[in-house]
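To keep things clear, I will list the structure first and then write my remarks on it.
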Amino acid sequence: MFADLLTPTDHALFGQIDPWVFLLVAAVAVLAGAAVQSMVGLGLGLVAAPVISFLDPTLMPGSLLITVIVLPVLTLVQDRSHIDWRGLVWGLPARVPGTVLAVWVVAVLEPRMLAGFVGVMVLLAVILTVWAFKVRVTPVSLVTAGLVSGFAGTATSVGGPPMALVYQNEPPERVRATLAAFFLCGGLISLVALGAGGQIDTRTVAAGIVAIPFVGLGFFLGNRVRRWVDPARLRIGLLTVVTLSALGLLAQAVFG
């Protein structure tokens with residue numbers, strides 16, 4: 088039963104692989120992404136989304152949304168007192184229309200094209216991450232970021248960069264807490280919407296749940312080693328890897 092649930096479908100970009108190999112590769116990606124995010128505030132979706140899409144695009148975005156929703160809970164245990172509630176009031180409602188549009192996109196795209204779409208969104212996320220212009224925290228910027236984040240987060244599980252861009256000049260503890268609260272609430276909205284749209288099945292839920300312990304382990308490891316890691320170099324390495332992964336997804340979608 089376990090092997091059946093985790094065996095990649097015929098849509099897997101690398102073809103049929105052993106379920107234990109699938110679990111190992113996906114677990115490493117989730118663990119690494121969680122560790123990076125616990126150190127620099129961004130990374131789990133960026134690292135894991137391309138990998139899961141390579142392994143089996145039919146599991147996206149639902150399985151990863153189930154997995155990543157644990158990380159903001161862990162973050163809020165540490166930093167909940169620093170949440171910007173005003174920002175949530177403006178940003179969260181704007182996520183809903185973006186979520187609805189994303190559910191439609193996930194429903195109409197073929198698995199291989201969905202993988203290519205994940206690649207496009209990851210590349211856009213990288214651009215937003217390195218785009219260093221200053222954005223003021225205003226109702227307009229929060230609503231815009233909430234809308235884009237709702238669409239990207241629901242369609243590909245990579246919804247962090249728009250909100251991170253808005254809060255990039257705020258104190259680190261405020262950034263971590265506010266983004267965690269936004270992603271927790273927004274992730275739940277996305278999961279409910281995808282479930283209502285018939286985009287989450289037993290395989291998706293099983294794959295997402297199996298990967299959850301690796302989020303906790305990555306969070307623990309990231310907290311332990313971040314004092315010895317240069318965040319700037321880590322960020323450059325992360326963005327380089329995910330850019331190559333995204334380009335690989337696009338190549339597979341176009342030529343595969």
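Quick note on numbering: the sequence shown equals residues 88 to 343 in the working numbering. Even for Gly, the Cβ is constructed at its ideal location relative to N, Cα and C.
With a 10 Å radius around the Cβ and a threshold of 16 neighbouring Cβ atoms, ALA122 comes out buried.
The residues LEU179, in chain order, have a CB closer than 7 Å to that of CYS272 in the same chain once the five nearest residues on each side in sequence are set aside. Within the same chain, Cβ atoms closer than 7 Å to the Cβ of LEU215 are found at PRO248, PRO249 and LEU252, the five residues on either side in sequence being excluded. Rounded to whole angstroms, the Cβ separation of THR243 and PHE204 is 7 Å, and the two are in contact under 8 Å. By the CB criterion at 8 Å, ILE139 and SER150 fall inside the cutoff. Inclusion of PRO137 and GLY206 in the CB contact set at 8 Å is warranted, their separation being smaller than that value. Sequence-distant partners of ILE299 (beyond 5 residues in either direction) whose C-beta falls short of 7 Å from its own C-beta, in its chain, are THR154 and VAL157.
Comparing alpha carbon positions, the residue from ASN310, LEU142, PRO184 and GLN255 closest to ARG199 is LEU142. Sequence-distant partners of GLU260 (beyond 5 residues in either direction) whose C-beta falls short of 7 Å from its own C-beta, in its chain, are ASP166 and HIS169.
Within 10 angstroms of the beta-carbon of ILE276 lie 16 or more other beta-carbons, which makes it buried.
The alpha carbon of ALA194 has as its nearest neighbour, out of GLU257, PRO148, GLN255 and THR289, the alpha carbon of PRO148. According to the DSSP assignment, ILE156 belongs to no alpha helix (DSSP H), since it is labelled neither H nor E. Distances from the CA of VAL190 to each of THR241, ALA113, PHE306 and VAL112 were compared; the closest alpha carbon is that of THR241. Scanning SER236, GLY274, GLN286 and SER228 for the CA closest to the CA of ARG173 turns up SER228. Take the alpha-carbon of LEU281 and the one of GLU197: they are about 16 Å apart. Straight-line measurement puts the Cα of THR162 at about 21 Å from the Cα of ARG182. Boundaries cannot be given for GLU257, as no alpha helix (DSSP H) includes it and DSSP labels it neither H nor E.
Bounds of the alpha helix (DSSP H) holding GLY309 are 289–312.
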